[in-house]
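Student: First, the structure itself, so that you have it in front of you.
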Amino acid sequence: MLVLFLQPQSLGDLAQPKAKEYMSRILAIILFTSVSLSSLSAQTGETTSAPKFKGFLGTYHPAKRTAYGGWGWTDGELIQHAFNFGQNAILVKGSYLGYTFEENIHNSCLEWDVNKVYGIILPPTENGTVNQPKDSDIWKPFEKNPGMIQAAHRFSELSKRCPQISGVIIDDFFNDFPKKMNLSDLRTLKDALLGKRIDENGNVDNSSPATTPDLKLYIVVYENELGLKVEAQALELLDGVSFWIYRQSENYKNFDAYLDTVSQAYPNKEVIAGVYLRNSEEVPVVSSVHHIIERAIDSYAKGRVNGLLIFSGLWLSREGTKKERWDELVLPQFLGRIYYPHLGQGKGRVVDAKTHAPVKDALVSVDRLAGGKKLLTARKLTDQGGEYEFGGWAGAEAKGRATYQIKIESSGYKTGVTRVTLRAGQRVSFPDARLKR
C-alpha cells in the first residue's frame with residue numbers, strides 16, 4: 020500500500036474548523052491508492068512475497084542450471100534454490116544435466132534436504148537393460164545401458180543412508196511391458212527394490228527377507244495408455260503411477276477425468292502427477308501448464324495425488340529456455356499465489372526420555388491424512404542434535420493449518436508416534452519427542 024502525506028501549514032492548522040475536512044481528504048487518498056494498487060496487483064497476478072518452504076512440487080530431472088529472476092526472485096539462482104523443490108526424481112545413469120548421479124543423491128538427501136527422492140529407471144526402449152550384472156557400483160551407474168534390476172538394488176541400498184528415497188519410477192513402462200520386460204522381470208525388479216538378496220549375476224532370492232520393505236514401485240502412464248489392461252499379477256507388484264498427459268496442449272482440460280480413470284484402472288495405488296514445460300519438440304500452451312498445476316494442487320489437498328513433478332529442470336532454466344517463455348509462464352507470480360503461501364515448515368527434536376540427550380540418526384516418517392488415506396510426506400534421519408525438519412501443505416483456506424502424524428524409530432528405543440500441526444506461511448517448532456527404551 021502506498022501512503023501519501025499532505026503536510027499542513029502548521030500544527031495549529033489541525034485545530035482549526037477545517038481540520039476534520041483535511042483529515043477526511045487524507046483518508047480518502049489513502050483508501051483510493053490502496054484500492055487502486057490492489058486492483059493492479061490482482062490484474063498482474065502479483066502477490067505479497069511468501070516464504071518458499073519445501074512442499075510436494077519437484078522436478079523430473081534436476082538440472083545444474085540457473086533460473087531467471089523478477090517478481091522478487093533473484094536472477095541467476097540455482098534452479099533448486101529458486102524453487103526450493105520438496106521432491107526430486109533422479110535419472111539412474113552416470114550423469115545427467117550437469118550432475119553426476121552421486122551429486123544428485125548427495126544434493127537431494129543432504130545439501131538440499133528435500134522431503135522425498137525417486138529414482139527414474141530406464142527401460143530397454145530408453146536404452147536401459149533389464150539385467151546388467153556389471154552395473155554394480157552403487158554410486159556410479161552405467162552411462163549407457165544401465166541395468167534396471169541393478170538400479171532397483173542401488174536405490175534399496177542408498178535408502179539405508181538416505182531415507183528420503185521413497186521408491187523408483189519405471190519410465191515409459193508400456194513401451195516395453197510385457198514384451199521386452201515380462202512379469203518375471205518385473206517381480207525380480209520389485210524384490211531387488213525391497214532389499215532382497217541379490218547375487219553378482221543379478222539373480223534375486225525371492226524367498227529372502229525384505230530389508231527395505233517401504234520402498235515403492237511406480238510406472239509412468241500416459242493418457243493414451245489408460246485403456247491398457249494390466250494383469251492382476253502385475254498390478255499386485257505396483258505401488259503407484261506417475262501420470263502424464265503426453266498431448267498436453269490438446270488434452271489438459273481432461274486432467275480431473277483422467278485422474279478418475281487412473282484410480283479405476285489402478286485402485287488403491289498412489290498417484291504422482293506430472294506437468295510438461297516442454298515435451299520433445301512440443302512447447303505446451305501456458306494455459307495447460309497453469310491448469311495442471313492448479314488442479315494437481317487441489318487434488319493433492321484432497322489426497323488424490325501425492326506429488327507433482329515438473330518436466331524438467333532444464334526447461335525451467337535460463338540455459339534451456341528463452342526469457343520470453345519464462346515471462347509467459349509467470350511461474351513466480353503463479354506459484355506465489357496458489358502454492359507457496361499455503362505451505363508451512365516445522366522443526367522438531369528427538370531426545371531420550373530419561374536423559375534428555377538428543378537421539379542421532381532416528382528415522383522420522385511424516386504422514387498426512389487426506390481423502391481417508393495416510394500418505395507419506397517426508398522421511399528423514401535426525402542430525403547430531405537429534406533435530407529434523409520438513410515442509411508441507413497447510414491448506415488453502417485462510418489461516419490454513421494441517422495435522423501430520425510422525426512416527427519415530429531408533430535402535431534400542433520403543434517406536435514413538437505423535438501428531439504435529441503445520442501453519443500456512445509459518446515456521447513452527449514442535450515439542451521434543453521423547454523416546455523410551
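Here the sequence shown stands for residues 20 to 456, where the numbers follow our numbering. Even for Gly, the Cβ is constructed at its ideal location relative to N, Cα and C. If you're wondering where the values come from, they're calculated on a predicted model, not measured in any experiment.
(1) In three-state terms, what does DSSP make of residue 452?
(2) Express the C-alpha separation of residue 370 and residue 102 in angstroms, rounding to a whole number.
(3) Identify the continuous beta strand (DSSP E) that holds residue 364 and give its terminal residues.
(4) Let me know the secondary structure DSSP gives residue 216 once reduced to three states.
(5) I'd like the span of the alpha helix (DSSP H) that includes residue 122, first residue to last.
(6) Below 8 angstroms on the Cβ atoms is my guess for residue 186 versus residue 115; work out the distance and round it to an integer in Å.
(7) Taking 8 angstroms as the cut-off, does the segment 344–353 touch the segment 411–419 (at least 3 CB pairs, one atom from each stretch)?
(8) Short of 8 angstroms in beta carbon distance, which residues of its chain neighbour residue 77, apart from the five on each side in sequence? Order them along the chain.
(9) Is it buried or exposed, residue 191, if we count other Cβ atoms within 10 angstroms and call 16 or more buried?
(10) Distance, Cα to Cα, residue 210 vs residue 373?
(11) Excluding the 5 residues flanking residue 403 on each side, which residues of the same chain have their C-beta closer than 7 angstroms to its C-beta?
(12) Look up residue 386 in the DSSP assignment and say whether it is helix, strand or coil.
(13) Do residue 394 and residue 322 have their C-beta atoms within less than 8 angstroms of each other?
(14) My output table needs one value for residue 263: the three-state DSSP class, helix, strand or coil.
(15) Counting Cβ pairs closer than 8 angstroms, one from the segment 255–262 and one from the segment 296–313, do we hit at least three?
(16) Is it buried or exposed for residue 151, if we count other Cβ within 10 angstroms and need 16 for buried?
(17) Whole angstroms is fine: what's the gap from residue 86's alpha carbon to residue 386's?
(18) Which residues in the same chain have their Cβ closer than 7 angstroms to the Cβ of residue 229, if we skip the five residues on either side of it in sequence?
(19) Answer yes or no: do residue 80 and residue 129 have a C-beta to C-beta separation smaller than 8 angstroms?
(20) List the whole-angstrom C-beta distance separating residue 381 from residue 428, where the pair is believed to meet the contact cut-off of C-beta under 8 angstroms.
(21) Closest to residue 205 by CA distance: which of 218, 170 and 181 is it?
(22) Please say whether residue 117 and residue 166 have beta carbons closer to each other than 8 angstroms?
(23) Would you verify that the beta carbon of residue 409 is, or is not, closer than 8 angstroms to some beta carbon of chain D?
(24) Here's a check: name, in chain order, each residue in its chain whose Cβ is nearer than 6 angstroms to the Cβ of residue 181, leaving out the five neighbours to either side.
(25) Could you check where the beta strand (DSSP E) with residue 412 kicks off and where it finishes?
(26) Where residue 250 and residue 266 are concerned, what is the direct C-alpha to C-alpha distance, given to the nearest angstrom?
Tutor: Inspection of the coordinates gives the following:
(1) Walking along the sequence shown from the start, residue 452 turns up at place 433. Three-state result, residue 452: strand.
(2) Locating residue 102 in the sequence shown gives position 83, counting from the first residue. Locating residue 370 in the sequence shown gives position 351, counting from the first residue. Whole-angstrom Cα-Cα distance: 33 angstroms.
(3) Walking along the sequence shown from the start, residue 364 turns up at place 345. Element bounds for residue 364: 362–371.
(4) Here residue 216 refers to the residue found at position 197 of the sequence shown. Coil, per DSSP.
(5) Here residue 122 is taken as the residue at index 103 of the sequence shown, counted from 1. 120–125 is the extent of the alpha helix (DSSP H) around residue 122.
(6) As a position in the sequence shown, residue 186 is number 167, starting the count at 1. As a position in the sequence shown, residue 115 is number 96, starting the count at 1. Not a contact, Cβ separation roughly 19 angstroms.
(7) no
(8) Position 58 of the sequence shown, counted from the start, is the residue given in the question as residue 77. For residue 77, where only same-chain residues beyond five positions count, the Cβ hits under 8 angstroms are 104, 105, 106, 107, 108, 133, 135, 326, 327, 328 and 329.
(9) As a working note, residue 191 is residue 172 in the sequence shown. Buried, because 16 or more other Cβ atoms sit within 10 Å of the Cβ of residue 191.
(10) For the purposes of this step, residue 210 is identified with residue 191 of the sequence shown, where counting begins at 1. For the purposes of this step, residue 373 is identified with residue 354 of the sequence shown, where counting begins at 1. Using only the alpha carbons, I get a separation of about 40 angstroms.
(11) Here residue 403 refers to the residue found at position 384 when the sequence shown is read from its first residue. Here the set comprises 379.
(12) Stepping through the sequence shown from its first residue, residue 386 is reached at position 367. Reduced to three states, the DSSP call for residue 386 is strand.
(13) As a position in the sequence shown, residue 394 is number 375, starting the count at 1. As a position in the sequence shown, residue 322 is number 303, starting the count at 1. A contact, by the Cβ cut-off of 8 angstroms.
(14) Stepping through the sequence shown from its first residue, residue 263 is reached at position 244. In the structure shown, residue 263 sits in a strand (DSSP, three-state: E or B).
(15) no
(16) One-based indexing of the sequence shown puts residue 151 at position 132. Buried is the call here.
(17) The residue you call residue 86 lines up with position 67 of the sequence shown. The residue you call residue 386 lines up with position 367 of the sequence shown. Roughly 31 angstroms separates the two Cα atoms.
(18) Here residue 229 corresponds to residue number 210 of the sequence shown, with the count starting at 1. Closer than 7 angstroms at Cβ, skipping near neighbours: 213, 214 and 215.
(19) Position 61 of the sequence shown holds residue 80. Position 110 of the sequence shown holds residue 129. Going by C-beta atoms, residue 80 is not nearer than 8 angstroms to residue 129.
(20) As a first step, residue 381 is located in the sequence shown; it is residue number 362 there, counting from the start. As a first step, residue 428 is located in the sequence shown; it is residue number 409 there, counting from the start. About 7 angstroms; that satisfies the 8 angstroms criterion.
(21) Residue numbering aside, residue 205 sits at position 186 when the sequence shown is read from its first letter. The candidate whose alpha carbon is nearest that of residue 205 is 170.
(22) For the purposes of this step, residue 166 is identified with residue 147 of the sequence shown, where counting begins at 1. For the purposes of this step, residue 117 is identified with residue 98 of the sequence shown, where counting begins at 1. Not in contact: residue 166 and residue 117 (Cβ atoms no closer than 8 angstroms).
(23) In the structure shown, chain D does not exist; there is a single protein chain.
(24) Translated into positions along the sequence shown, residue 181 becomes position 162. Once the five neighbours on either side are set aside, the close Cβ partners of residue 181 are 128.
(25) Working through the sequence shown from its first residue, we reach residue 412 at position 393. Taken as a continuous stretch (DSSP letters only), the beta strand (DSSP E) holding residue 412 covers 406–412.
(26) In the sequence shown, counting from the first residue as 1, residue 250 sits at position 231. In the sequence shown, counting from the first residue as 1, residue 266 sits at position 247. Spanning the two alpha carbons is a distance of roughly 26 angstroms.
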